[in-house]
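> Going by the working numbering, the letters in the sequence shown line up with residues 21 to 320, in that order. Just so it is clear, CB atoms sit at the ideal spot from N, CA and C, and this is done for glycine as well. Given the structure is predicted, the values throughout are model-derived calculations rather than measurements.
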Amino acid sequence: RPDASIISVLATPVDNSFKCLLTTKKSSELFTIRVSELPAKKLPYSQRILEILVTRYADYSIYHCDNRKLPLDLREIEFRHSQNISTMKIGVLYSKGEESSIEDLFGYGKEDASESYNKFLSVLGEQINLKGWKLYRGDIGAEPVNGVGKDYYSYFTVFRGIQVMYHLAMWFNAEQHRRLIGNDIVFVIFHEEGAAPFDTSPLESLGTVPQIFCVVQPHNGRYRVSLVCRPNIKPFGPSLPEEYSFDAESLRIFLLTLLHNGYANALRQPPMNRLFEVPRKASIMEIVAKYPLETDKEKK
Numbered sequence: 021r022p023d024a025s026i027i028s029v030l031a032t033p034v035d036n037s038f039k040c041l042l043t044t045k046k047s048s049e050l051f052t053i054r055v056s057e058l059p060a061k062k063l064p065y066s067q068r069i070l071e072i073l074v075t076r077y078a079d080y081s082i083y084h085c086d087n088r089k090l091p092l093d094l095r096e097i098e099f100r101h102s103q104n105i106s107t108m109k110i111g112v113l114y115s116k117g118e119e120s121s122i123e124d125l126f127g128y129g130k131e132d133a134s135e136s137y138n139k140f141l142s143v144l145g146e147q148i149n150l151k152g153w154k155l156y157r158g159d160i161g162a163e164p165v166n167g168v169g170k171d172y173y174s175y176f177t178v179f180r181g182i183q184v185m186y187h188l189a190m191w192f193n194a195e196q197h198r199r200l201i202g203n204d205i206v207f208v209i210f211h212e213e214g215a216a217p218f219d220t221s222p223l224e225s226l227g228t229v230p231q232i233f234c235v236v237q238p239h240n241g242r243y244r245v246s247l248v249c250r251p252n253i254k255p256f257g258p259s260l261p262e263e264y265s266f267d268a269e270s271l272r273i274f275l276l277t278l279l280h281n282g283y284a285n286a287l288r289q290p291p292m293n294r295l296f297e298v299p300r301k302a303s304i305m306e307i308v309a310k311y312p313l314e315t316d317k318e319k320k
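Written out as structure tokens, the structure reads:
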């Protein structure tokens, strides 16, 4: 089949069940087959399990492989194409409520930053010097952001083991807006307090990669959050409380949780799913080709 899958089964039952792992281009899913489900035949476990799988996955052409090297190749798939997110890039835009185009959003420089915006950045993470930075860089190159100076900076944090690099549009030049911001999937938009409602129409000009936008606006010393997503994005949590405002610490936890979940969601939906599914599918197909169905003559 064009979308081949691999099912691996532990040879020995645990608590009267065989633990199984279904590896597909989309995910790896655990399931069990109880010993009591097996056909009552005097055959090895492997053959009786195969009978169940052939029935359960009738649309597939299933065959048995007993090569001890196969589990090592499956482990390599999970290593190379893990579903676990360990790094994340987040684009950060600034809005005064007066923008009618993406050029307006990109037109702000560091000198335009308000005190409330700088305070908000300290909620997101810590300012770091990228010169000699050894942790996750979020694709920011080794050269100063604007091509001058010995030191150059960004904002970074670690959230629940995930290294997060922020792409601050205010600190980038036009080339970095295109190369970095244009390839970010999730965004935070800081919307100044008291500004007119945020106009989402300029976001269309960012292209097809950006998928999720969290608009954060200060409100009486706290923060309100709203969410804008592309139509293809399926609902994800945590839910946004109506008319609720966050203090700084609760905002950080809520926002990063929301962006992480949204990022994981976007990677499973078109068009971004190709970044995960295409290379993972290719690795599965390589394994299928490496361990073909053996005929009785070949087994001898």
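Spatial neighbours of E71 within its chain, please: CB distance less than 7 angstroms, with the 5 preceding and 5 following residues excluded, ordered by chain position.
P59
> At which residues does the beta strand (DSSP E) containing L113 begin and terminate?
L113 -> beta strand (DSSP E) spans 107–115.
> With distances taken from CA atoms, which of R54, K46, A24, N149 is nearest V34?
R54
> From the DSSP output, which residues share a beta bridge with Q147?
Y175
> According to the Cβ coordinates, are L125 and S136 closer than 8 angstroms?
no
> Can you tell me the Cα-Cα spacing of H101 and V298, whole angstroms?
10 angstroms
> State whether the segment 83–100 contacts the segment 291–310, with contact taken as three or more CB pairs (one from each stretch) at a distance under 8 angstroms.
yes
> Cβ atoms of I182 and S106: under 8 angstroms apart, would you say?
yes
> Output the distance between the C-alpha atoms of R180 and I232, rounded to the nearest integer angstrom.
20 angstroms
> Is S225 buried or exposed, if buried means 16 or more other CB atoms sit within 10 Å of its CB?
Exposed, by the Cβ-count rule.
> Going by DSSP, name the residue or residues bridged to H187.
G111
> With C-beta atoms as the reference, is P238 less than 8 angstroms away from E119?
no
> What do you get for V178, buried or exposed, if any count of 16 or more other CB atoms within 10 angstroms of its CB means buried?
exposed
> Whose C-beta lies closer than 6 angstroms to the C-beta of A216 among residues of the same chain, with five residues either side of it excluded?
The answer, listed in chain order, is G117.
> Report the rounded CA-to-CA distance for N285 versus L150, giving the unit in angstroms.
30 angstroms
> Mark D86 as exposed unless 16 or more other C-beta atoms lie within 10 angstroms of its C-beta, in which case mark it buried.
With fewer than 16 Cβ atoms within 10 Å of its Cβ, D86 is classed as exposed.
> Pick out whichever of V184, N138, A133 has its Cα sitting closest to the Cα of L155.
The option with the nearest alpha carbon to L155 is V184.
> Tell me which residues share the same chain as G257 and place their Cβ nearer than 7 angstroms to its Cβ, disregarding the 5 neighbours each side in the sequence.
N281
> Would L260 pass as a contact of L276 if the rule is Cβ separation under 8 angstroms?
No, the pair does not count as a contact, with Cβ atoms beyond the cut-off.
> Mark D79 as exposed unless 16 or more other C-beta atoms lie within 10 angstroms of its C-beta, in which case mark it buried.
exposed
> Going by alpha carbons, who is nearest to G227 out of E213, S56, N203?
N203
> Check S28 in the structure and name its three-state DSSP category.
strand
> Going by DSSP, name the residue or residues bridged to F210.
Per DSSP, the beta bridge partners of F210 are Y114, V236.
> Taking C-beta to C-beta, are K254 and W191 nearer than 8 angstroms?
no
> Can you check which of these residues, H211, I205, T44, T75, is closest to V245 by C-alpha distance?
H211
> Taking the continuous beta strand (DSSP E) assigned at I53, which residues delimit it?
48–54
> On the criterion of 16 or more Cβ atoms from any shown chain inside 10 Å, does L188 qualify as buried, or is it exposed?
Buried, because 16 or more other Cβ atoms sit within 10 Å of the Cβ of L188.
> Please list the terminal residues of the continuous alpha helix (DSSP H) segment that includes V74.
65–76
> Confirm, please, whether the CB-CB distance from F207 to L278 is below 8 angstroms.
no
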